[in-house]
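Under UniProt numbering, the residues of the sequence shown are numbered 1 to 253, in order.
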Amino acid sequence: MASTTDSAQATENNDHLIKSTDSKHPANLIPALCRKFWGLGWVSGTGGGASIRENDLVYLAPSGVSKELMEPENIYVLSMSKQEDPKKRVYLRSPLNLKPSQCTPLFMAAFTRRNASCCIHTHSQWAVLITLLLENQPSSNRVFEINNIEQIKGFGKGFQKQGNLGYHDTLRIPVIENTPHEEDLAEYLEEAMDKYPDTYAVLVRRHGVYVWGDTVDKAKAQAESLDYLFQLAVEMHKLGLPWVSSIAQIGPS
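Printed below as a string of structure tokens:
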């Protein structure tokens, strides 16, 4: 039985925000997603993470926790409306003996600039390999492009646009430069969002990828589709096949 002191600390820390029997509650869903991503090799060690926004509340995976072992009590919670200084985040709920993720400013950019409901960060090897294959491009114009591949249909046309990309459309994912401290990537990610307003993801050179979506399901599906395309593109490169081709659209006979 919990002591009076334990109950008071839980109330003060707003532990009720992460208590739910609903598997779709963000505090339950983030650990479940991270376990799946760990199984895919996307979040080895303590790298990577995920965040979910429900209206004004944002739920965040912490730093320094093995993603396959994460539990709801490890989740941070903040209110978007209470944030005044990006360098001094105010949390409604903070787990004991943990630190906020350095991914937080990048997750917040997806929520504030794209009205996303979920943002996923992975250290996928395929994402890293793509950035290595693009290193010969000028850093100011580094972008992954691919078309005429069925999986492209898994992506929306862009922010506030209806429908998904088609088979013949070209998917473009910008690449930003890595920084020694992950939180310093936010400025570069925001610049990439401005330059490529229709993108749902940004690659980070020699690091990984950030993917966001209008819903948790869309963010997850786009992360999976993108990883498929990255792996396919690496194999295409080995075979000398171009990522962008001029296959003509075939109309009705």
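C-beta atoms are modelled at their ideal positions from N, C-alpha and C, and glycine is treated no differently.
Could you give the DSSP three-state label for Y76: helix, strand or coil?
Three-state DSSP puts Y76 in a strand.
With Y91 as the anchor, note down where its alpha helix (DSSP H) starts and where it stops.
In the DSSP annotation of this structure, Y91 is not part of any alpha helix (DSSP H); the continuous beta strand (DSSP E) holding it starts and ends at 91-93.
Using 8 Å as the Cβ pair cut-off and three pairs as the minimum, do the segment 76-95 and the segment 118-138 touch?
Touching, no, given that fewer than three Cβ pairs across the two stretches are closer than 8 Å.
Measure the C-alpha to C-alpha separation of Y188 and V209 and round it to an integer number of angstroms.
Pairing Y188 with V209, the inter-Cα distance amounts to about 13 Å.
Going by beta-carbon coordinates alone, are G156 and Y200 separated by less than 8 Å?
In this structure, G156 places its C-beta atom within 8 Å of the C-beta atom of Y200.
Report yes if the CB atom of I130 is closer than 8 Å to the CB atom of A27, and no otherwise.
Not closer than 8 Å, so no.
At what residue ranges does the segment 120-145 contain a whole run of the alpha helix (DSSP H), taking only runs of 4 or more?
Restricted to the segment 120-145, the alpha helix (DSSP H) segments that are unbroken, complete and at least 4 residues in length are 125-133, listed in chain order.
Which value, in whole angstroms, describes the spacing of the CA atoms of L171 and N13?
Here the C-alpha atom of L171 lies approximately 43 Å from the C-alpha atom of N13.
Could you please give the first and the last residue of the uninterrupted beta strand (DSSP E) stretch that includes P174?
Taken as a continuous stretch (DSSP letters only), the beta strand (DSSP E) holding P174 covers 170-176.
When we look at the beta-carbon of D227 and count the other beta-carbons within 10 Å, is it buried (16 or more) or exposed?
With a 10 Å radius around the Cβ and a threshold of 16 neighbouring Cβ atoms, D227 comes out buried.
V43 classed as buried or exposed, judged by whether at least 16 other C-beta atoms fall within 10 angstroms:
Buried, since its Cβ has 16 or more Cβ neighbours within 10 Å.
For the 8 Å Cβ check, are there 3 or more pairs between the segment 77-86 and the segment 105-122?
Contact holds: three or more Cβ-Cβ distances are below 8 Å.
Suppose contacts are defined by Cβ-Cβ distances below 8 Å. Is V143 in contact with I173 by that definition?
Yes.
If I'm right that A61 touches I30 with Cβ under 8 Å, what's the distance once you round it to whole angstroms?
A Cβ-Cβ separation of about 5 Å places A61 in contact with I30 under the 8 Å criterion.
Counting along the chain, where does the alpha helix (DSSP H) carrying W212 start and finish?
Not the alpha helix (DSSP H): W212 falls in the beta strand (DSSP E), residues 208-213.
Using a Cβ-Cβ cutoff of less than 6 Å, which residues in the same chain neighbour M193 once the five nearest sequence positions on both sides are dropped?
Cβ neighbours of M193 beyond the five flanking positions: R113.
Ends of the alpha helix (DSSP H) at V43?
For V43, no alpha helix (DSSP H) segment is defined, and its DSSP state is neither H nor E.
For the alpha helix (DSSP H) containing Y109, name the first residue and the last one.
It is worth fixing the name first, because residue 109 is Ala in this sequence and not Tyr. A109 -> alpha helix (DSSP H) spans 104-114.
Let me know if Y167 comes out buried or exposed under the rule of 16 or more other beta-carbons within 10 Å of its beta-carbon.
Exposed, since its Cβ has fewer than 16 Cβ neighbours within 10 Å.
Touch check for the segment 115-122 and the segment 209-220: three-plus C-beta pairs under 8 Å?
Contact between the segment 115-122 and the segment 209-220 is established, with three or more Cβ pairs separated by less than 8 Å.
List the whole-angstrom C-beta distance separating W243 from I146, where the pair is believed to meet the contact cut-off of C-beta under 8 Å.
The pair is a contact, with the Cβ atoms about 4 Å apart (cut-off 8 Å).
Exposed or buried, which one is L69 when buried takes at least 16 other CB atoms within 10 Å?
Its Cβ having fewer than 16 others within 10 Å, L69 is exposed.
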